[in-house]
Each structure stands twice: as C-alpha cells, then as structure tokens.
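Since the structure comes first, as structure tokens, the remarks are kept for the end.
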Amino acid sequence: MVLLGWEVKSLRAGKAQITDAYVLLKDGEAFLLGGHFQPLTEASTHVIADPTRTRKLLLHAKELAKLIGETSQAGQTCVPMAMYWKHNKVKCEIALVKGKKLFDKRATEKERDWDRQKQRIMRENNAS
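Going by the working numbering, the first residue of the sequence shown is number 233, and it counts up by one from there.
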C-alpha cells in the first residue's frame with residue numbers, strides 16, 4: 233500500500249477506517265477507494281491532508297491478473313477486509329466477493345426493520 237507519512241501515523245494510532253471502502257482495478261493497477269484515514273493534529277502542517285484520497289495498492293502481477301480476471305465476471309468485486317502490519321509494511325487483505333441478490337437485500341431490510349421495532353418496544357417498556 234502506498235501511504236503518505238501522516239497516513240502511516242494515523243494508521244498506527246488506529247484512526248483508519250475501511251468499512252465503506254472498495255478496490256478499483258483500472259489500467260493494470262489496483263486502488264483503494266473510500267478508505268478514511270483521520271489526520272492527527274500532531275502530523276505535519278505543511279502537507280494538506282486528504283482523508284479520503286485514492287490510495288494505490290501494490291500487488292504482484294499474478295495477483296493482479298487473477299483479480300482482474302475474476303472481477304470481469306458480472307456481480308464480482310473486490311473489497312478490503314483488514315489492514316495490518318507485517319514487519320514495517322502495511323498490508324491490506326482483499327476479498328473477492330459477489331453482490332447480493334434482490335431477495336437477499338429485501339430479507340436484510342426486513343430484518344433491520346424488525347430489529348428497529350424491537351428496540352422501540354424495549355424502550356417503551358423500560359420507560360413505563
């Protein structure tokens with residue numbers, strides 16, 4: 233992963249989020265989009281910090297070719313699962329995933345609604 237100095241400091245402080253991030257494969261390269269690295273107040277002041285900038289992922293040619301081949305199929309995409317340190321380098325664990333079907337999305341929506349309803353009922357019962 234190609235990071236700037238302030239991003240490394242932020243990552244060491246645990247201020248990085250990749251919950252809504254995804255990996256874009258373009259022109260034989262891989263990029264991390266949507267990752268958020270919160271700038272620290274102690275970081276350099278002469279560099280303008282962009283917390284959501286696109287970051288390049290460093291992959292071997294074979295890994296990149298495999299990912300490009302797999303994601304060319306409909307419904308397949310790459311998402312970052314975790315970021316970790318290996319010696320003095322930051323590694324990003326990437327997963328190849330398939331999107332949800334429409335009925336799966338509806339089931340998830342129903343489940344979320346039911347959970348909200350349960351919370352409301354519990355709050356009402358506890359308040360009285």
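Glycine included, every Cβ here is placed at the ideal spot set by N, Cα and C.
Starting from Thr-303, trace the alpha helix (DSSP H) in both directions and tell me its first and last residue. 293 to 303
Proximity below 8 Å, CB of Glu-295 to CB of Leu-328: no
What does DSSP give as the partner residue(s) for Val-311 in the beta ladder? Ala-327
Measure the CB-CB distance between Trp-238 and Ala-293 and report whether it falls below 8 Å. Against a cut-off of 8 Å, the Cβ pair of Ala-293 and Trp-238 comes out as no contact.
Can you say whether Pro-246 is buried or exposed, counting buried as having 16 or more other CB atoms within 10 angstroms of its CB? The sequence shown places Gly at residue 246, rather than the Pro named in the question. Exposed.
Would you report the Cα separation of Thr-273 and Ser-242, rounded to the nearest angstrom? 10 Å
Looking at the secondary structure, which residues open and close the alpha helix (DSSP H) in which Leu-257 lies? Taken as a continuous stretch (DSSP letters only), Leu-257 belongs to no alpha helix (DSSP H), being part of the beta strand (DSSP E) at 254 to 258.
Enumerate in chain order the residues of its own chain whose CB-to-CB distance from Trp-317 is below 8 Å, with the five nearest sequence positions on each side excluded. Lys-323
Closer than 6 Å by C-beta to Gly-307: which residues in its own chain qualify, once you throw out the five before and the five after it? Chain order, please. Around Gly-307: Lys-330 and Gly-331.
Report yes if the C-beta distance between Arg-287 and Leu-264 is below 8 Å; otherwise report no. Contact: yes.
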